[in-house]
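Everything in the sequence shown is counted per our numbering, starting at 2 for the first residue and increasing by one.
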Amino acid sequence: MSYWETAPGTSMPPYVALAVVSMQRALGSAFQLLTPRSVPGLIGTDFLRKSWDFEPLGFEMISEIKTIVAKSDYIRMAYVYRHGGVWLDADTLLFRDPTMSLFPEGLTFNLHWYSEALFASQKGNALLGRAVNAALSQKVHPWGNPGGIKALVACAPEQLSIIPASVLDPGYRPLYNFSTCDVMRRRDIAVDEFITAPNVDILKLYNTYFTRTSTRQCSVEQFLCEETLLARLFLHIEADPSYWIDRTDMLMAQCAT
2 MSYWETAPGT SMPPYVALAV VSMQRALGSA FQLLTPRSVP GLIGTDFLRK SWDFEPLGFE
62 MISEIKTIVA KSDYIRMAYV YRHGGVWLDA DTLLFRDPTM SLFPEGLTFN LHWYSEALFA
122 SQKGNALLGR AVNAALSQKV HPWGNPGGIK ALVACAPEQL SIIPASVLDP GYRPLYNFST
182 CDVMRRRDIA VDEFITAPNV DILKLYNTYF TRTSTRQCSV EQFLCEETLL ARLFLHIEAD
242 PSYWIDRTDM LMAQCAT
């Protein structure tokens with residue numbers, strides 16, 4: 002599952018909308034997009050009584066967006082703790098169903114962990130339970146570390162099933178990660194030059210970086226016409242732009258209700 006909430010006066014970035022559609026396409030009915038309307042019925046309302054915020058950040062972020070991101074850090078852990086399942090950040094691109102790559106022996110009661118952007122467990126995971134309780138009691142939390150989950154993970158290797166970084170490595174060098182993700186804006190790299198690893202199913206898109214460094218907002222149709230590597234990755238999955246435009250329109254209508 003994933004979560005999306007649009008801050009007042011903003012819109013869902015086109016690549017996030019496209020990424021969510023890629024998850025819907027790959028996972029079908031197994032994928033659930035959580036929204037502000039649906040979440041209280043799934044994890045309770047305690048989190049609504051708290052003002053969510055981060056410790057001081059080393060970069061600028063609109064306060065309303067910062068609140069949403071901090072709150073979503075809690076929502077993801079609380080949902081998986083209560084219901085079990087797999088958390089995927091909304092800026093996750095799926096080429097196909099990654100279940101076998103991520104969980105070759107199935108989903109267990111261990112915490113399957115890559116980072117706070119990708120984790121999973123059966124319901125009732127003790128590490129998530131501790132982090133959920135801590136997150137509710139903390140006034141603020143560090144970026145990417147709600148409820149001190151990273152320290153809990155570091156201290157309990159026997160309770161983990163590590164998701165290897167290689168599962169999300171497209172094969173391109175220099176290694177694709179947050180510090181190199183601007184490669185997605187290039188127009189001179191072919192998709193098959195970027196994706197050289199065999200059978201890669203999943204890719205992180207780093208919305209935080211793109212949002213901080215974008216100079217304009219555009220529609221999905223405009224984005225797909227820009228011929229950036231990122232746009233061409235979606236068209237590599239489905240070459241017909243109208244497919245993406247129609248389904249992102251449906252998605253945005255769903256998120257607006």
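Cβ atoms here follow ideal geometry from the backbone N, Cα and C, with glycine treated the same way.
Since this is a predicted model, take the numbers as computed values, not measurements.
Checklist line | Residues bridged to SER116 (per DSSP) | finding: LEU119
Next item on the list: Please determine if the segment 216-225 and the segment 170-185 are in contact, where contact requires at least 3 C-beta pairs separated by less than 8 Å.
Entry: no
Next item on the list: Apply the 10 Å Cβ neighbour rule to ILE164 and answer buried if 16 or more other Cβ atoms are within range, or exposed otherwise.
Entry: buried
Notebook entry, point to check: For LEU176, which residues from the same chain have a beta carbon less than 8 Å from its beta carbon, with the 5 sequence-adjacent residues on both sides left out?
Noted result: ASP170
Margin query: Let me confirm a value: ALA1 is counted as buried when at least 16 other C-beta atoms fall within 10 Å, else exposed. Which label applies?
Written below: One cannot answer for residue 1 here, as it falls past the ends of the chain, which runs 2 to 258.
Note to self: Using the three-state DSSP reduction, which class does TYR80 fall into: helix, strand or coil?
What the structure shows: helix
Margin query: Could you pull the DSSP bridge partners for PHE55 from this structure?
Written below: HIS142
Checklist line | Rounded Cβ spacing between HIS142 and PHE55 (contact assumed at less than 8 Å) | finding: 6 Å
Next item on the list: Please classify SER243: is it buried, with 16 or more other beta-carbons within 10 angstroms of its beta-carbon, or exposed?
Entry: exposed
Note to self: I'd like the span of the beta strand (DSSP E) that includes LYS205, first residue to last.
What the structure shows: 203-205
Check: Would you call the segment 32-48 and the segment 78-92 touching, i.e. three or more CB-CB distances under 8 Å?
Finding: yes
Next item on the list: Taking the CB atoms as reference points, tell me whether LEU206 and LEU129 lie closer together than 8 Å.
Entry: no
Check: Sorted by chain position, which residues of the same chain lie with C-beta nearer than 8 Å to VAL154's C-beta, five sequence neighbours on each side aside?
Finding: LEU112, TRP114, LEU128 and LEU161
Next item on the list: Any chance you could list the alpha helix (DSSP H) runs of at least 4 consecutive residues sitting entirely within the segment 161-226, in chain order?
Entry: 192-195, 208-214 and 221-225
Next item on the list: Would you mind working out which of GLN139, ALA91, GLN255 and LEU89 sits nearest LYS51, comparing C-alpha positions?
Entry: GLN139
Check: Does the separation of the CB atoms of ILE196 and GLY172 fall below 8 Å?
Finding: yes
Next item on the list: Identify, in the order they occur along the chain, each residue of the same chain with its Cβ nearer than 7 Å to the Cβ of PRO199, setting aside the five sequence neighbours on each side.
Entry: none
Next item on the list: Indicate whether the contact test is met: 3 or more Cβ pairs, each with one atom in the segment 9-18 and one in the segment 97-112, closer than 8 Å.
Entry: no
Next item on the list: Thinking TRP88 and LEU119 are a contact (beta carbons under 8 Å), I'd like their distance in whole angstroms, please.
Entry: 7 Å
Next item on the list: Under 7 Å Cβ to Cβ from MET253, same chain only, skipping five residues before and after it: list those, please.
Entry: MET13 and ALA18
Next item on the list: Just the C-alpha distance for ALA71 and PRO147, rounded to the nearest angstrom, thanks.
Entry: 8 Å
Notebook entry, point to check: Going by beta carbon distance, what residues of the same chain come within less than 6 Å of GLY29, once the five residues before and after it are set aside?
Noted result: none
Next item on the list: Give the secondary structure of TRP5 by DSSP, where H, G and I count as helix, E and B as strand, and everything else as coil.
Entry: coil
Notebook entry, point to check: So, PHE235 versus SER23, is the Cβ gap smaller than 8 Å?
Noted result: yes
Notebook entry, point to check: Are the beta-carbon atoms belonging to ILE69 and ALA8 less than 8 Å from one another?
Noted result: yes
Checklist line | C-alpha distance - ALA191 paired with ASN134, whole-angstrom precision | finding: 46 Å
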